[in-house]
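Read through the structure below, which is laid out as structure tokens, and then see the notes.
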Amino acid sequence: MLKKTPRSGFQFLGSGAESVAEHSYRTAMIGYALAKMSEKVDCSRVVMMCLFHDLPEARIGDLNYVNKKYVQANEEKAIADLAATLPFGREYQETLQEFGEQDSPEARLAHDADQLEMILALKEHKDLGNRYADEWYSFAVRRLQTDLAKELAVTIWETDSSLWWFDTESDWWVTGKELGFNKEEKQPAAVSEDANQVDDTP
């Protein structure tokens, strides 16, 4: 269901679309990275909280900050009802309780992973010309709790979102020869119909 549930905040941002499942997956990847970059943290616990944190939205939907001014969802009932259907329901409830209380370092990292995922999305839209992204970023960055996440947020905002794949110093975008097959090289030997013989004909 999370794959079919849209992240409703994009309605107000004015551009983009994302499902809750997409958000949760990238949050888990960020949480894993944060945990690996930290000391004495249970990495699997962080990732579990990242994966579980929005699971109640399969029942209550994704309420953005505007919605929450007027609508209050019974998230505790959604969690309890879902837990009742799961063989690991108690663990699920305890994980979300830990995430909500924000007392453990794992919970704080998972919380920051959630915010960094949104900051990444905002940066992508900023680079495409969305003038509201800067204002949204100013609020999101103030929700971060750990120094590590705060440092990463600054780096994200200062870095072109396409830099990870688009290297402007590379000749690949001009010649196409830096990677891939070079047509000037000799073709590999062709295998004849008899799999035990190789045709070396140029």
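Note that our numbering has the sequence shown beginning at 3, numbered continuously upward. Quick reminder that beta carbons are idealized off the backbone N, C-alpha and C, glycines included.
- The beta carbons of residue 155 and residue 111 sit no closer together than 8 Å.
- With 16 or more other Cβ atoms inside 10 Å of its own Cβ, residue 125 counts as buried.
- Residue 84 and residue 58 do touch by the CB rule: their CB atoms are close to 7 Å apart, below 8 Å.
- For residue 166, no alpha helix (DSSP H) encloses it, and the DSSP letter there is neither H nor E.
- When secondary structure is reduced to three states using DSSP, residue 107 falls in the helix class.
- DSSP lists 21 as the bridge partner or partners of residue 8.
- Counting the other CB atoms within 10 Å of its CB gives residue 165 a total below 16, which places it among the exposed residues.
- Going by beta carbons, residue 116 and residue 55 fall inside the 8 Å limit.
- Rounded to the nearest angstrom, the gap between the Cα atoms of residue 21 and residue 5 is 6 Å.
- Cβ neighbours of residue 148 within its own chain (closer than 7 Å, five residues either side excluded): 110, 111, 114.
- A straight line joining the alpha-carbon of residue 176 with that of residue 162 spans about 21 Å.
- Here residue 139 carries a helix assignment [DSSP, helix/strand/coil].
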